[in-house]
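Worksheet: one structure, shown below.
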Amino acid sequence: MDVADIAKEIKRDDMLQMHHYLRLTRALEERITALYRQGRIVGGVYTSHGMEAIAVGYASALERDDVIAPYHRDMGAFLIRGFTTGEILAQYLGKRTGPTKGKDGNVHMGDLRRGVFGFVSHLADNLPVAAGAALAFKIRGESRVVFTGTGDGGSSRGDFHEAMNFAAVRKLPVVFFCTNNQYAYSTPLRLQMAISNVVDRAKAYGMPGEIVDGNDVAAVYLAAKRAIAIAREGEGPTFLEFKTMRMHGHSEHDPAKYVPRELLEDWKKKDPILKAERLLRELGYAEESYFQRVAERVKNEVETGVEFAEQSPLPEGPEMLEGVFADGADSY
Amino acid sequence: MVAMAQATEEVSYLEAISQALDEEMARDERVFLMGEDVGTYGGAFKITEGFLQKYGEWRVLDTPLAESGFVGAAIGAAMMGLRPVVEMQFADFISCAFDQITEVAAKNHYRWGAAVPMVIRAPFGGGVHGGPFHSECPEGWFFHSPGLKLVAPSTPYDAKGLLKAAIRDPNPVIYFEHKFLYRRIKSALPKEDFVVPLGKADVKRVGNDISVITYGAMVHLALEAAQALTKEGIDLEVVDLRTLIPLDKETIYSSVRKTSKVILLHEDNKTGGIGAEIAALLAEDCFDCLDGPIVRIAPPDTPVPFSPPLEEFFLPKTSDIVSAARKLAAY
Ligand SMILES: Cc1ncc(C[n+]2csc(CCOP(=O)(O)OP(=O)(O)O)c2C)c(N)n1
Chain A
518 MDVADIAKEI
528 KRDDMLQMHH
538 YLRLTRALEE
548 RITALYRQGR
558 IVGGVYTSHG
568 MEAIAVGYAS
578 ALERDDVIAP
588 YHRDMGAFLI
598 RGFTTGEILA
608 QYLGKRTGPT
618 KGKDGNVHMG
628 DLRRGVFGFV
638 SHLADNLPVA
648 AGAALAFKIR
658 GESRVVFTGT
668 GDGGSSRGDF
678 HEAMNFAAVR
688 KLPVVFFCTN
698 NQYAYSTPLR
708 LQMAISNVVD
718 RAKAYGMPGE
728 IVDGNDVAAV
738 YLAAKRAIAI
748 AREGEGPTFL
758 EFKTMRMHGH
768 SEHDPAKYVP
778 RELLEDWKKK
788 DPILKAERLL
798 RELGYAEESY
808 FQRVAERVKN
818 EVETGVEFAE
828 QSPLPEGPEM
838 LEGVFADGAD
848 SY
Chain B
27 MVAMAQATEE
37 VSYLEAISQA
47 LDEEMARDER
57 VFLMGEDVGT
67 YGGAFKITEG
77 FLQKYGEWRV
87 LDTPLAESGF
97 VGAAIGAAMM
107 GLRPVVEMQF
117 ADFISCAFDQ
127 ITEVAAKNHY
137 RWGAAVPMVI
147 RAPFGGGVHG
157 GPFHSECPEG
167 WFFHSPGLKL
177 VAPSTPYDAK
187 GLLKAAIRDP
197 NPVIYFEHKF
207 LYRRIKSALP
217 KEDFVVPLGK
227 ADVKRVGNDI
237 SVITYGAMVH
247 LALEAAQALT
257 KEGIDLEVVD
267 LRTLIPLDKE
277 TIYSSVRKTS
287 KVILLHEDNK
297 TGGIGAEIAA
307 LLAEDCFDCL
317 DGPIVRIAPP
327 DTPVPFSPPL
337 EEFFLPKTSD
347 IVSAARKLAA
357 Y
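Each protein sequence line maps, in turn, to chains A and B. Numbering follows our numbering, with no gaps: position 38 of the first sequence is 555. Numbering follows our numbering, with no gaps: position 71 of the second sequence is 97.
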């Protein structure tokens, strides 16, 4: 797609805002990685380094009332939905002020009021749940849409297929995506599936699919917009395959020696942030000094978050007993 | 048993479940049904017969054959404010949805405060020659998973009242309905709306000598055994748990404190079953009041076999309870 077309289809403010969130995601996750290396974050840390355009692109394409059931490298979606850097860092540090009050860690957070479902480790488990949220919208005749996805690895799970099939049969307003970042932990795509494009899986369900450059925030945004429009029209689900590359290890403890270095060198040139900045320059929307100001701004936002999280109290042990059951009969 | 005002004509256990669903769907438009063949066909056991015509295809959804998928969908719909009631065609197939139930439904509220108000109806139990895949009692799998409520009624009154309570509860509830009881057990029900609160056991027969703690179809065996033992002057108290989680420890303890002797009876396999947990609780909390060993009656640790003599050998019998009670009484 050429620059003039993009200028027509994406508002300047939206492009600039997406750029902001790309930078914020990168800065926040770099800070999280650093805290992890210092031993201040325990547990696993999974980042979206090199893949930021996906969550930023699709979450920007949704309306406020829509719902996201995210994939495990969708930090940008949390930020766009209003999770502050402070809350997110508090979550990573196991603080009481995090969205799960210390009950769960890292990206395993959610908030119904902000329309974000808590991520479940069992990959693809959230896909049927997302289809169910879309079912609720369909039953009530609301024009809300759900966006959900998983990785290439997660797309092998039965729940992925069960969700796609059910949503297709009932024409539910949901968009499924797959972040094909070529590896599932250490397992390359060729050992994950005998097809080279994940999108082919959608054909089995009679669902339209599209391959999208996952490193191009404008492409992700526009593809998401198209799929969302189809869903909102009552035409049912679409499948989007975002082609990308996981630039860090599976988690921050994984040096990813199984990935050929040349492959990474290749993908480094396609970095989604640099790509977005090139585009913004070509569109005449921004230049170097602007990018520097954004970098400064997001750095402050991250540091404010670190301060908040570090000053937040840890939960007390017995708080772990709270919340197994919801109470207040029928008030939900 | 519960005193009933304004009793109507007798309804079966199956009709009681059907009535509860119908009344809850009429009362609350958020309630909807999903499962395999629940629509046009009315469900494998015909519990939802006529519902599709009455409520339409968006409140009575026939699903693809994919338990994990539709249980997951029920979770999502519940979080968005609806009140799904999912039918497992047979409780056995709940294993396909185990992951969604234990990992998603059970943990959501604990992890991030999202309530999952949904019910999974699971027709369970043997005695109907269903073989290893149509006779299981899978409650033990879920008894160990915090965040779920488990219900297992033994009478039409409880079946109706507990299902209504389960639908109105803000948590995921698995409702184990016993297939053997569907058409065999009947009683009169009150005309007006009623619920049986979750977490409350019921003393189905008051007795002084031995407490039989049980649930589901086994309640009726225990009552039969109690009847048979009256001639011998052994007086059984039959405690019907009705709800397995939350477990009504108070009622269990007060019965055992009174009788000092206990038989734990269930149809699920013995090892790691609900009886094992109650035995441990009694050993922890009621050791001083026990006048005999805690006795467990449960099937052996095998799958439920098909051929009638094998299945009969597998299932607990009235005579097992009678002979265990005799021994315990003499203790
Ligand atoms: C059902 C399940 N099995 C195994 C795991 C452990 N695990 C976590 S991430 C991962 C690889 C995921 O690969 P993919 O879906 O391609 O996403 P990526 O991490 O590459 O972005 C595995 C095996 C899991 N979380 N869930």
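Every residue, glycine too, gets a C-beta built ideally from N, C-alpha and C.
Inter-residue spacing [alpha-carbon to alpha-carbon] between isoleucine 585 (chain A) and phenylalanine 634 (chain A) = Near 6 Å, if we compare the C-alpha coordinates of phenylalanine 634 (chain A) and isoleucine 585 (chain A).
Listed by chain order, chain A residues near histidine 135 (chain B) by CB distance under 8 Å = Within 8 Å Cβ-Cβ: Gly840, Val841, Phe842 and Ala843.
Rounded separation between alanine 551 (chain A) and valine 663 (chain A) - CA only = 33 Å
Per the contact definition of three or more C-beta pairs closer than 8 Å, is the region 223-236 of chain B in contact with the region 141-160 of chain B?
-> no
DSSP-derived helix/strand/coil call for alanine 92 (chain B) | The answer is coil: DSSP assigns alanine 92 (chain B) none of H, G, I, E or B.
So is valine 587 (chain A) buried or exposed if we call it buried at 16+ other beta carbons inside 10 Å?
-> Position check: residue 587 (chain A) holds proline in this sequence, whereas valine was assumed. With 16 or more other Cβ atoms within 10 Å, it is buried.
How many whole angstroms separate the CB atoms of glycine 263 (chain B) and valine 229 (chain B), which I take to be in contact at a CB cut-off of 8 Å?
-> A small fix is needed here, since residue 263 (chain B) is glutamate in this sequence, not glycine. Correct: roughly 6 Å between the Cβ atoms.
Roughly how many angstroms separate the alpha carbons of leucine 189 (chain B) and valine 232 (chain B), rounded to a whole number?
-> The straight-line gap from Cα to Cα measures roughly 25 Å.
Minimum Cβ-Cβ distance from glutamine 45 (chain B) to chain A less than 8 Å | No - not a single Cβ of chain A is within 8 Å of the one on glutamine 45 (chain B).
May I ask whether a heavy atom of ligand 1 can be found less than 7 Å away from the beta carbon of serine 44 (chain B)?
-> no
Do you know offhand how far arginine 661 (chain A)'s Cα is from arginine 749 (chain A)'s?
-> 7 Å
Buried or exposed: where does glycine 156 (chain B) fall if 16 or more other Cβ atoms within 10 Å of its Cβ makes it buried?
-> Buried: at least 16 other Cβ atoms inside 10 Å.
Candidates A:Gly670, A:Ile712, A:Val691 and A:Val686: which alpha carbon is nearest threonine 704 (chain A)'s?
-> A:Gly670
Could you tell me whether the Cβ atoms of glutamate 804 (chain A) and arginine 798 (chain A) are closer together than 8 Å?
-> yes
Proximity test, glycine 156 (chain B) beta-carbon vs ligand 1 heavy atom, cut-off 7 Å | For ligand 1, not one heavy atom lies less than 7 Å from the Cβ of glycine 156 (chain B).
With a CB to CB cut of under 7 Å and the five nearest residues on each side skipped, what residues in its chain are close to alanine 701 (chain A)?
-> Gly668, Asp669, Gly670 and Gln709
Taking 8 Å as the CB-CB limit, is aspartate 125 (chain B) close to chain A?
-> yes
CB contact flag (valine 811 (chain A), alanine 570 (chain A), <8 Å) = no
Test: methionine 626 (chain A) CB closer than 8 Å to a CB of chain B | So yes, methionine 626 (chain A) belongs to the interface.
Cβ-based burial, glutamate 687 (chain A) [other Cβ within 10 Å; buried from 16] | Sequence check: residue 687 (chain A) is arginine here, not glutamate. Arginine 687 (chain A) should be labelled buried.
Aspartate 621 (chain A) - DSSP class collapsed to helix/strand/coil = The three-state reading of DSSP puts aspartate 621 (chain A) in coil, since its state is none of H, G, I, E or B.
So which residues on chain B does alanine 648 (chain A) lean against when the C-beta distance must stay under 8 Å?
-> Gly95, Gly98, Ala99 and Gly102
Are arginine 613 (chain A) and proline 832 (chain A) closer than 8 Å when you measure CB to CB?
-> yes
Residues of chain B with a CB under 9 Å from the CB of isoleucine 549 (chain A): which are they?
-> The contacting residues do not exist; isoleucine 549 (chain A) stays about 19 Å from chain B at best.
Every unbroken beta strand (DSSP E) within the region 740-803 of chain A, with a cutoff of 3 residues, ordered by chain = Counting whole runs of 3 or more residues, the region 740-803 of chain A contains the beta strand (DSSP E) stretches 755-760.
Can you name the residues that DSSP bridges to isoleucine 585 (chain A)?
-> A:Val633 and A:Phe664
Is any beta-carbon of chain A found at less than 8 Å from that of glutamate 129 (chain B)?
-> yes
State yes or no: is the beta carbon of leucine 781 (chain A) nearer than 8 Å to at least one beta carbon in chain B?
-> no
In chain B, what lies closer than 7 Å to glutamate 679 (chain A) by C-beta?
-> Ala92, Ser94 and Gly95
Rounded to whole angstroms, what's the CA-CA distance from lysine 760 (chain A) to valine 729 (chain A)? Just pull it up for me.
-> 6 Å
Indicate the three-state DSSP secondary structure (helix, strand or coil) for leucine 579 (chain A) in the structure shown.
-> coil
Check whether the Cβ of threonine 667 (chain A) lies closer than 7 Å to any heavy atom of ligand 1, and answer yes or no.
-> yes
Within 7 Å: the Cβ of glycine 671 (chain A) and any heavy atom of ligand 1?
-> yes
How long is the line joining the alpha carbons of tyrosine 67 (chain B) and leucine 800 (chain A), rounded to whole angstroms?
-> 60 Å
Show which residues of chain B have a CB atom less than 7 Å away from the CB atom of histidine 639 (chain A).
-> Asp125 and Glu129
So which residues of chain B does leucine 831 (chain A) contact, with C-beta pairs closer than 7 Å?
-> Near leucine 831 (chain A) there are no residues of chain B at all, since even the closest Cβ is about 17 Å away, more than 7 Å.
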